[in-house]
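Just below is one structure, and these are the notes that go with it.
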Amino acid sequence: METNVEITIALTKENDFAVITIKDTGKGIPKELLEKLGTRGETHGKQSGSGLGLYHAKSTVESWSGSLEIMSQANKGTQISIRLKTSKPPKWFLSELTLTKDTEIVITDDDENIHHIWNKKFENNIGHEIKNIYHLSNPSELREWFKNIKTDKLNLIKFLIDFEYVNSKETGLDIIHELGINTQYTLVTSRAEEELIRTQCESIEVTLLSKNLAHLIPVGITHS
Numbered sequence: 009m010e011t012n013v014e015i016t017i018a019l020t021k022e023n024d025f026a027v028i029t030i031k032d033t034g035k036g037i038p039k040e041l042l043e044k045l046g047t048r049g050e051t052h053g054k055q056s057g058s059g060l061g062l063y064h065a066k067s068t069v070e071s072w073s074g075s076l077e078i079m080s081q082a083n084k085g086t087q088i089s090i091r092l093k094t095s096k097p098p099k100w101f102l103s104e105l106t107l108t109k110d111t112e113i114v115i116t117d118d119d120e121n122i123h124h125i126w127n128k129k130f131e132n133n134i135g136h137e138i139k140n141i142y143h144l145s146n147p148s149e150l151r152e153w154f155k156n157i158k159t160d161k162l163n164l165i166k167f168l169i170d171f172e173y174v175n176s177k178e179t180g181l182d183i184i185h186e187l188g189i190n191t192q193y194t195l196v197t198s199r200a201e202e203e204l205i206r207t208q209c210e211s212i213e214v215t216l217l218s219k220n221l222a223h224l225i226p227v228g229i230t231h232s
């Protein structure tokens, strides 16, 4: 087995394609073998190999209008590039949390940990001080807070709302539907993978974010 071999995996975007690149610094693949790889039944270096793994991978990627290419040089390493056509994200998908320099944040969640995560996110990751961050723990508190907001200020407020709350029959979607202004709301929940919740968010044009990704979501500041 080779030692001191580095393997790097990268994801980039080229036009309408996502490109996954897997590269190593191993001994490489001989040219005569490289030309055969990806052919049904072709295997090398494995006594029990069927020659179907790479063939099926290549066939599957191509059936998705993509491509799988292998490049290799002796004693320099091998690079596999997988190109997959991107699709338009659903309406609920949140790729970036976009704020302005005047945006105020309202976080409604009964989990203290998520409040700490957002605080750390806004303090350390955007290079800009948020004007105000309000921390609420349930729909009732949000409803009371909302009563004191002037309508013309709503477009400067970003609401980050949990889906379910302890000892409450109301969900985050219930309160969002009640208060309106859906484009200013993001549902932040550990149940973001559930199809029903995704469908409900899409129907009222509310963006959705998994709590597991809260610390990773990019935050952008616009000057409009």
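Per the working numbering, residue 9 is the first one in the sequence shown, and the count goes up by one each step.
Glycine residues also receive a C-beta, built at the ideal position from the N, C-alpha and C atoms.
Presumed contact (8 Å Cβ cut-off) between residue i and residue j, rounded CB distance
i	j	result
Leu107	Ile229	6 Å
Leu144	Val174	That belief does not hold up - the Cβ atoms of Leu144 and Val174 are roughly 14 Å apart, past 8 Å.
Thr215	Thr194	5 Å
Phe240	Gln192	Outside the modelled stretch of the chain, which goes from 9 to 232, sits residue 240, for which no answer is possible.
His223	Lys129	6 Å
Glu213	Lys99	6 Å
Thr183	Leu150	Before going on, a small fix: residue 183 reads as Ile here, not Thr. Ile183 to Leu150, Cβ: 6 Å. Contact.
Gly34	Val13	5 Å
Thr207	Ile169	The Cβ separation is near 18 Å, so there is no contact.
Unbroken alpha helix (DSSP H) run spanning residue i, endpoints
i	result
Tyr63	Gly61 to Ser71
His143	It is not in any alpha helix (DSSP H) - His143 instead sits in the beta strand (DSSP E) that spans Ile141 to Leu144.
Glu203	Glu203 to Ser211
Lys39	Lys39 to Leu42
N-terminal and C-terminal residue of the beta strand (DSSP E) that residue i is part of
i	result
Lys128	That residue, Lys128, is in no beta strand (DSSP E); its alpha helix (DSSP H) goes Glu120 to Asn132.
Ile15	Ile15 to Glu22
Thr116	Glu112 to Thr116
Arg151	Per DSSP, Arg151 belongs to no beta strand (DSSP E); it is in the alpha helix (DSSP H), Pro147 to Phe154.
Gly85	Gly85 to Lys93
Residue i to residue j span [Cα, whole Å]
i	j	result
Ser58	Lys66	Confidence at Ser58 is low in this model, with a pLDDT of 47, below 50, so the placement of that residue should be treated as unreliable; the coordinate-derived value is given next. About 15 Å.
Trp72	Leu92	7 Å
His124	Ile138	15 Å
Glu210	Ser218	15 Å
Pro38	Asp24	32 Å
Glu201	Ile157	32 Å
Leu221	Asp119	15 Å
Thr16	Ile88	11 Å
Glu112	Ile165	5 Å
Leu162	Thr86	54 Å
Leu204	Leu187	21 Å
Glu22	His64	24 Å
Pro147	Val196	14 Å
Original post:
Is the region 70 to 77 close to the region 97 to 107, with three or more CB pairs under 8 Å?
Top reply: no
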